[in-house]
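Only one structure is covered here, and it is reproduced in the block below.
Here it is as structure tokens:
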């Protein structure tokens with residue numbers, strides 16, 4: 001059985017040490033802050049994330065751009081030349097075209113290298129949800145799970161990753177065209193915090209609205225309590241966009257519900273943060289993503 005390398009989009013939110021220790025290959029992604037285009041090749045440091053969100057608060061505009069098949073071809077070709085098969089985990093196809101771009105690239109690179117196998121997995125997830133699947137993939141590889149079996153298990157489990165998150169400032173959803181300007185203004189006046197989730201098809205929808213950060217944050221914890229399936233895993237990722245104090249409060253409530261939970265707090269990277277804005281908070285775990 002050939003060795004295989006695990007690749008994942010730079011939009012993943014997970015402890016950087018885990019990524020480096022397990023030799024996970026990050027597929028870089030582009031984002032713009034103000035007039036500057038940047039290439040995110042690894043997780044940003046806490047200070048870099050703080051600078052990013054402070055710039056957004058100061059009015060800097062942010063954008064992201066799609067990675068082309070050619071870009072994936074370069075990464076896949078480099079790994080194939082080393083004799084590696086490839087397991088690639090993409091950002092949800094419901095949120096980005098990275099999955100389709102990677103499929104196109106994989107087909108062409110497989111034709112270049114005899115015997116090469118590339119498995120492209122649509123995670124139907126984002127941020128820490130991709131992190132949960134990455135941890136599962138790495139653990140399976142450590143146990144000797146073959147490439148195709150690992151990929152199929154990830155596809156089977158993708159629908160059991162739950163993402164519950166709140167958005168603190170509606171203006172960023174307005175900029176992305178997800179809500180109207182009138183809704184954003186009304187929400188700001190009433191201090192409304194929308195609660196969103198990722199659906200079975202990997203798209204994003206709003207599931208509730210809470211008045212004030214405290215009630216919205218508590219709702220995330222309630223979702224965890226009602227939806228968690230501890231028989232799959234106790235791993236929990238709390239992702240935040242410069243909202244550490246509230247993330248820690250949610251962690252404490254999660255641990256009161258499940259003392260065995262393995263909770264990891266991660267700063268939200270700019271690829272997703274560019275669309276949600278500062279203050280975003282997410283609880284991501286294994287369970288029933290259709291609880292609400």
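Residue numbers (our numbering): 1 to 292. Beta carbons are placed, not taken as given, at the ideal position from N, Cα and C, and that holds for glycine.
Item                                                                                                                     : Value
Residues bridged to residue 205 (per DSSP)                                                                               : 197
Residue range of the beta strand (DSSP E) that includes residue 262                                                      : 262-267
Rounded C-alpha distance that separates residue 310 from residue 105                                                     : Because the chain spans 1 through 292 in this model, residue 310 falls outside it and cannot be assessed.
Reduced DSSP secondary structure (H/G/I, E/B, other) of residue 167                                                      : coil
Which residues DSSP lists as bridging residue 240, in chain order                                                        : 267, 281
Per-residue burial, residue 306 [other beta carbons within 10 Å of its own, 16 or more giving buried]                    : Since the first and last residues shown for the chain are 1 and 292, residue 306 lies out of range.
Residue from 95, 25, 195 whose Cα sits closest to the Cα of residue 272                                                  : 95
Buried versus exposed, by CB contacts within 10 Å (16 or more), residue 61                                               : exposed
Nonlocal neighbours in the same chain, by C-beta distance under 7 Å from residue 251, ignoring five residues either side : 238, 263, 265
Cβ neighbour criterion (16 or more within 10 Å) applied to residue 45                                                    : exposed
Run of the beta strand (DSSP E) containing residue 38, from where it starts to where it stops                            : 36-40
Of the residues 276, 23, 224, the one placed nearest residue 256, counting alpha carbons only                            : 224
Best match in 118, 9, 127 for proximity to residue 152 [C-alpha to C-alpha]                                              : 118
Residue 20 to residue 121 span [Cα, whole Å]                                                                             : 21 Å
Beta-carbon spacing of residue 11, residue 132 below 9 Å                                                                 : no
Rounded separation between residue 79 and residue 258 - CA only                                                          : 40 Å
Under the three-state DSSP convention, the category residue 234 falls into                                               : coil
Exposure label - residue 279; buried when at least 16 CB within 10 Å                                                     : buried
Proximity of residue 207 and residue 190 at Cβ, strictly below 9 Å                                                       : no
Distance, residue 124 Cα to residue 156 Cα                                                                               : 11 Å
Beta strand (DSSP E) segment containing residue 19, residue limits                                                       : Residue 19 -> not in any beta strand (DSSP E); alpha helix (DSSP H) instead, spanning 16-21.
Cβ-Cβ distance between residue 247 and residue 277 below 9 Å                                                             : no
Rounded straight-line distance, which links the Cα of residue 292 to that of residue 17                                  : 33 Å
C-beta contact flag for residue 216 and residue 268 at 9 Å                                                               : no
Reduced DSSP secondary structure (H/G/I, E/B, other) of residue 25                                                       : strand
Residue 75: first and last residue of the uninterrupted alpha helix (DSSP H) it sits in                                  : 69-81
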